[in-house]
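Quick note, the sequences are listed as chains A and B, same order. So that you can map any letter, position 48 of the first sequence is 48 in UniProt numbering, and since no number is skipped, the others follow by simple counting. So that you can map any letter, position 57 of the second sequence is 57 in UniProt numbering, and since no number is skipped, the others follow by simple counting. Quick reminder that beta carbons are idealized off the backbone N, C-alpha and C, glycines included. Here the structure comes first, spelled out in structure tokens, and everything after it is commentary.
Protein chains: 2
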Amino acid sequence: MKNNVKITRIKQSITQQQLAKRVGVTRQTIGLIEKGEYNPSLQLCIAIAKELNKTLDDLFWEVE
Amino acid sequence: MKNNVKITRIKQSITQQQLAKRVGVTRQTIGLIEKGEYNPSLQLCIAIAKELNKTLDDLFWEVE
DNA sequence: TCTTTAAGACACATATATATTGCATATGTT
DNA sequence: AACATATGCAATATATATGTGTCTTAAAGA
Numbered sequence: 001m002k003n004n005v006k007i008t009r010i011k012q013s014i015t016q017q018q019l020a021k022r023v024g025v026t027r028q029t030i031g032l033i034e035k036g037e038y039n040p041s042l043q044l045c046i047a048i049a050k051e052l053n054k055t056l057d058d059l060f061w062e063v064e
Numbered sequence: 001m002k003n004n005v006k007i008t009r010i011k012q013s014i015t016q017q018q019l020a021k022r023v024g025v026t027r028q029t030i031g032l033i034e035k036g037e038y039n040p041s042l043q044l045c046i047a048i049a050k051e052l053n054k055t056l057d058d059l060f061w062e063v064e
């Protein structure tokens, strides 16, 4: 469950809290997703991708 | 929550049941996802995409 | 016609994503 | 030193994805 959320977020200089608020979840949820520890819903993945101006593939596809 | 799973699956002539078995869920789950009624997990989306030889974007990105 | 297979629909049970709260630590600022 | 902000971590609560079982309908083959 690795992904590119953290690196993408940091490049854009926004905090977990800001991203969380913009996509409508809590900071903890963003933290866990970045940590790769669990398995977000598709809707949330899409919301995060749009907020970071990326696509699903950019953030979540074959990140080894 | 619309997506291209159903059309892609049918083009490849496989049944809901076959796809379900290959990705490790039940036929009902595949049915609901194709119907667009709900919000699958990222892991399941990835499993479906790989099984259908597509990417996340192919199946789930901006399908209006 | 009879049988089999694919698929839609529904009720209920269970697993897990997400929320909420709180505490700890590190860093930057005054 | 004191304070604020960002992040990690953990416990418990709630919402919902998914499983299980069943019934129904439509289509295909014998």
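Any idea which residues DSSP pairs residue i with across the strands?
{"i": "S41 (chain B)", "result": "A:S41"}
State yes or no: is the beta carbon of residue i nearer than 8 Å to at least one beta carbon in chain B?
{"i": "T4 (chain A)", "result": "Note that residue 4 (chain A) corresponds to Asn in the displayed sequence, not to Thr. No, because no Cβ of chain B sits closer than 8 Å to the Cβ of N4 (chain A)."}
{"i": "T29 (chain A)", "result": "no"}
{"i": "L32 (chain A)", "result": "no"}
For the alpha helix (DSSP H) holding residue i, just list the boundary residues, first then last.
{"i": "L19 (chain B)", "result": "16-23"}
{"i": "E34 (chain A)", "result": "27-35"}
{"i": "T8 (chain B)", "result": "5-11"}
{"i": "L59 (chain A)", "result": "56-60"}
In whole angstroms, what separates the C-alpha of residue i from that of residue j?
{"i": "T15 (chain A)", "j": "S13 (chain B)", "result": "46 Å"}
{"i": "T8 (chain B)", "j": "K2 (chain B)", "result": "13 Å"}
{"i": "L18 (chain B)", "j": "K11 (chain B)", "result": "The sequence given here places Gln at residue 18 (chain B); Leu does not occur at that position. For Q18 (chain B) and K11 (chain B), the distance between alpha carbons rounds to 14 Å."}
{"i": "Q43 (chain B)", "j": "N39 (chain A)", "result": "6 Å"}
{"i": "V23 (chain A)", "j": "W61 (chain B)", "result": "17 Å"}
{"i": "L56 (chain A)", "j": "K21 (chain B)", "result": "25 Å"}
{"i": "N53 (chain A)", "j": "N4 (chain A)", "result": "13 Å"}
{"i": "R27 (chain B)", "j": "K6 (chain A)", "result": "35 Å"}
{"i": "A47 (chain B)", "j": "L59 (chain A)", "result": "16 Å"}
{"i": "T29 (chain A)", "j": "C45 (chain B)", "result": "19 Å"}
Using a Cβ-Cβ distance under 8 Å, would residue i count as near chain A?
{"i": "N53 (chain B)", "result": "no"}
So residue i contacts chain B; which residues on that side make the cut at Cβ distance below 8 Å?
{"i": "L42 (chain A)", "result": "M1, N39, P40, S41, L42, C45, F60"}
What do you reckon, is the C-beta of residue i under 7 Å from a heavy atom of the ligand FMN?
{"i": "T55 (chain A)", "result": "Looking at this structure, you won't find the ligand FMN or any other ligand, since it has none at all."}
Given that residue i touches chain A, what residues does it touch there, using C-beta distances under 7 Å?
{"i": "L56 (chain B)", "result": "L56, D57, F60, W61"}
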